[in-house]
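Presented below is the structure to which this report refers.
Here you go:
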């Protein structure tokens, strides 16, 4: 009896996603949106979806928003940036907008391929 070895198929890259920064969009004069930046690594080549959620409490009011984008999957981490408009009605003294810079916000990002979640990252991050 002869044995033959068949090499195993190469494993896909380890999927991952990170949030690298949150910056408040101050145009034109109100902080009604935030940019969330990060990197994503997919398990295989192709495209993937990044979904983002942001929440921030300031002066007794909570601002939150959601957004998403598509990324190209390669062998290297792909940079992504998502524009997150405020989806809540938030009012507080001064009326300068909803998201605040020079503070902190809770944020989460999910990486999906073909409708299946491959990775997530969340936490409290400083806002600029």
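Numbering (the numbering used here), first residue to last: 787 to 914.
Here a beta-carbon is modelled for each residue, glycine too, at the ideal position from N, C-alpha and C.
Quantities reported herein were computed from a predicted structural model and do not represent experimental measurements.
With respect to the beta strand (DSSP E) encompassing residue i, which residues constitute its N-terminal and C-terminal limits?
i, result
"residue 901", "It is not in any beta strand (DSSP E) - residue 901 carries neither H nor E in the DSSP assignment."
"residue 811", "802 to 811"
"residue 837", "832 to 844"
"residue 872", "Premise fails: residue 872 is in no beta strand (DSSP E) and is neither H nor E."
Would you mind giving the Cβ-Cβ distance between residue i and residue j, rounded to the nearest angstrom? I have them listed as a contact below 8 Å.
i, j, result
"residue 801", "residue 905", "5 Å"
"residue 896", "residue 837", "5 Å"
Going by the DSSP bridge assignment, what does residue i pair with across the sheet?
i, result
"residue 861", "Paired residue(s): none; residue 861 is not in a bridge."
"residue 829", "The partner list for residue 829 (beta bridge, DSSP) is empty, contrary to what the question assumes."
"residue 890", "912"
Check whether the Cβ atoms of residue i and residue j sit closer than 8 Å, and answer yes or no.
i, j, result
"residue 825", "residue 898", "no"
"residue 850", "residue 874", "yes"
"residue 860", "residue 887", "no"
"residue 902", "residue 884", "no"
"residue 827", "residue 863", "yes"
"residue 893", "residue 822", "yes"
"residue 889", "residue 844", "yes"
"residue 812", "residue 870", "no"
Practice item. Kindly confirm or deny that the region 806 to 813 and the region 849 to 858 touch, where touching means at least three C-beta pairs closer than 8 Å. Key: In this structure the region 806 to 813 does not lie against the region 849 to 858, because fewer than three pairs of beta carbons, one per stretch, are closer than 8 Å.
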